[in-house]
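Quick notes on the structure that follows.
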Amino acid sequence: MTSQRRPEKIVILTGAGISAESGMGTFRDEGGLWSQHRIEDVATPEGFARNPALVQEFYNQRRQAAAKAEPNPAHQALARLQREWPGEVVIVTQNVDALHEAGGSESVIHMHGELAGALCATCGHRWAAPESMAVGEPCPQCANPSARPDVVWFGEMPYHMEEIFAHLAEADLFAAIGTSGQVYPAAAFVQEAAAAGAHTIELNLDPSAVVSDFAETRPGPAGQTVPAWVSELLGS
Ligand code: OAD
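Per our numbering, the very first residue in the sequence shown carries number 205; after that it's consecutive.
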């Protein structure tokens with residue numbers, strides 16, 4: 205009788221750094237989005253209540269930039285891993301772009317929402333966002349003028365948390381790619397996975413704020429480190 209080793213479950217967390225080589229700006233690197241805009245103004249419910257036009261314009265610009273961006277070899281390598289790995293590969297992203305999907309990933313958990321989505325602040329209905337969302341656009345379900353981008357702002361609960369923690373509890377391998385480790389709860393996923401017995405690895409340009417929580421680190425641009433790591437895992 206032969207015994208087959210159970211394929212490992214891999215959970216991957218990605219951040220803005222994985223889309224940097226696709227031309228999408230990161231938040232906290234030099235010249236990043238948070239050096240040009242105040243978080244309180246464009247990424248909080250209070251900011252939206254104060255100046256909805258500014259917030260809609262910020263996300264309209266980002267939606268238009270994301271629509272033009274192409275996936276890079278890091279997104280494509282993770283899609284290859286999802287296709288070819290004999291076990292489960294769960295991708296959790298903090299990114300609101302759709303570059304994982306454009307790179308070929310079929311299943312992606314968007315914990316901070318998606319630029320492609322619109323959300324009714326009154327009834328919670330969701331629909332596909334237009335490229336440019338106007339202030340006071342009516343909800344197709346309840347007709348209230350409360351359309352907002354379906355993205356998670358500071359002070360709001362990230363999406364799919366129960367599902368994500370269930371995956372982390374079963375992870376054999378956890379990787380964080382292109383994220384600064386400065387925003388919770390995502391920054392604590394490494395500790396959660398390690399507590400569950402997973403091997404942990406960080407692939408980032410610079411060491412993140414939580415680098416010491418990882419068992420292994422690979423510095424460098426994701427477009428190079430991720431395809432190399434995936435080839436190593438797949439043995440080719
Ligand atoms: P950050 O801008 O905080 O961090 C990006 C990370 O990517 C940094 O650690 C960089 O060193 C790294 N990086 C840059 N270029 C890279 C490359 N080519 N290859 C690999 N790594 C690279 O972005 P996030 O960690 O994603 O939330 O930010 C987390 C959350 O904070 C975002 O989802 C957003 C933001 O505020 C909300 O808006 C709610």
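Where a beta carbon is used, it is the ideal one built from N, C-alpha and C, also for glycine.
Quiz item: So is S226 buried or exposed if we call it buried at 16+ other beta carbons inside 10 Å?
Solution: Taking the sequence shown and counting its residues from 1, one reaches residue 226 at position 22. Buried, since its Cβ has 16 or more Cβ neighbours within 10 Å.
Quiz prompt | CB of A373 within 7 Å of CB of A400, strictly | solution = Translated into the one-based positions of the sequence shown, residue 373 becomes position 169. Translated into the one-based positions of the sequence shown, residue 400 becomes position 196. The answer is yes: Cβ separation under 7 Å.
Quiz item: Just to confirm, are V414 and G382 a CB contact at a threshold of 7 Å?
Solution: Sequence index remark: in the sequence shown, residue 414 carries index 210 (1-based). Sequence index remark: in the sequence shown, residue 382 carries index 178 (1-based). Contact: no.
Quiz item: If you pair each beta-carbon of the region 353 to 369 with each one of the region 318 to 334, do three or more pairs fall below 8 Å?
Solution: yes
Quiz item: DSSP three-state call for T218: helix, strand or coil?
Solution: Walking along the sequence shown from the start, residue 218 turns up at place 14. Of the three classes helix, strand and coil, the one that applies to T218 here is strand, per DSSP.
Quiz item: What's the gap between the Cα of A281 and the Cα of V430?
Solution: For the purposes of this step, residue 281 is taken as the residue at position 77 of the sequence shown. For the purposes of this step, residue 430 is taken as the residue at position 226 of the sequence shown. Using only the alpha carbons, I get a separation of about 7 Å.
Quiz item: Looking at the unbroken alpha helix (DSSP H) that takes in H304, where does it start and where does it end?
Solution: Here residue 304 is taken as the residue at index 100 of the sequence shown, counted from 1. L303 to A306 is the span of the alpha helix (DSSP H), which, as asked, contains H304.
Quiz item: Taking DSSP as the reference, what is the three-state secondary structure of R287?
Solution: For this step, residue 287 is matched to residue 83 along the sequence shown. Reduced to three states, the DSSP call for R287 is helix.
Exercise. Tell me, to the nearest whole angstrom, how far the beta carbon of A220 is from that of G427; I am working on the premise that it is less than 8 Å.
Key: The sequence position of residue 220 within the sequence shown is 16, counting from 1. The sequence position of residue 427 within the sequence shown is 223, counting from 1. The pair is not a contact, with the Cβ atoms about 14 Å apart (cut-off 8 Å).
Quiz prompt | In chain order, each alpha helix (DSSP H) run of at least 4 residues that lies wholly inside the region 361 to 419 | solution = 365 to 373 and 393 to 399
Quiz item: Cβ of S384 within 6 Å of any heavy atom in the ligand OAD?
Solution: Here residue 384 refers to the residue found at position 180 of the sequence shown. Yes - the ligand OAD has a heavy atom lying nearer than 6 Å to the Cβ of S384.
Practice problem: Mind checking which residues open and close the beta strand (DSSP E) that includes A320? | Solution: Position 116 of the sequence shown holds residue 320. Segment G317 to C324, the beta strand (DSSP E) holding A320.
Quiz item: What do you get for A379, buried or exposed, if any count of 16 or more other CB atoms within 10 angstroms of its CB means buried?
Solution: Along the sequence shown, one-based indexing puts residue 379 at 175. By the 10 Å Cβ count, A379 comes out buried.
Practice problem: Please name the residue or residues paired with P423 in a DSSP beta bridge. | Solution: Counting from one through the sequence shown, the residue named residue 423 turns up at place 219. The partner list for P423 (beta bridge, DSSP) reads N408.
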